[in-house]
Amino acid sequence: MSTILRTLRNLRRVGFKDAAHQMQNIGDTKAGTLIGMDKYGNKYFENLEEELPLRTRWVDYKDKEYDASQIEPGWHAWMSYLVDKPPSADPILQRQVREWEPKTHRPVLTLGRSAYKPYSTTKPKYAAWTPVAAPRQ
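At position 64 of the sequence shown the residue is numbered 63 (numbering that gives the first Met the number 0), and the sequence of numbers has no breaks.
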């Protein structure tokens, strides 16, 4: 969380619309340079002057409901400070579309209603007890 002066300074830099978008999505206002975009439409930013260490890089997700699986592997390495150059500037990390890769993003369904639920054929060791109340007389 930032101070009031820092929030007002970032509000002046990025504008009211982007500051409101940042407060809604990440809960903080940040001003930085746009480093690049990936094929999903996510925007990657960096600010080395004013941010705390290891908080200088952030992503602005395209979708309102986002998860970390929407970040490509090259951008994930840059976001995690594993590499210094972003994939758009590093020739080793230039991402070519391979034929075995999926063409569209499929979200991770671990926390959703479509999550995998195992089915068991074994009899449970205990049964749930339902109390039966006798009628009053």
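We put the beta carbon where it would ideally sit given N, CA and C, even for glycine.
Problem - Cross-strand partners of L33 (DSSP beta bridge) - result: F44
Practice task
Quick one: residues in its chain with C-beta nearer than 8 Å to the C-beta of L53, no 5 flanking neighbours on either side, listed in chain order?
Solution key: Y80
Practice task
Return the first residue and the last residue of the alpha helix (DSSP H) that D17 is part of.
Solution key: F15 to N24
Practice task
Leaving out five residues on either side along the sequence, give the residues of the same chain with a beta carbon under 6 Å from the beta carbon of M78.
Solution key: R56
Exercise for the section: Within 10 angstroms of the Cβ of T28, are there 16 or more other Cβ atoms? Answer buried if so, exposed if not. Expected result: buried
Exercise for the section: For V107, count neighbouring C-beta atoms within 10 Å of its own C-beta (all shown protein chains included) and say buried if the count is 16 or more, exposed if not. Expected result: exposed
Problem - Local conformation of R56 per DSSP, three classes - result: strand
Handout entry: Residue of Q21, A133, R12 and T109 minimising C-alpha distance to D66
Key = T109
Exercise for the section: Give the DSSP-derived three-state secondary structure of T6 in the structure shown. Expected result: helix
Exercise for the section: Put Q136 into one of helix, strand or coil per three-state DSSP. Expected result: coil
Exercise for the section: Take D37 as the anchor and find which of S68, D83, Y125 and G31 has the nearest alpha-carbon. Expected result: S68
Problem - Whole-number beta carbon distance between P85 and Y43, since they are thought to touch under 8 Å - result: 7 Å
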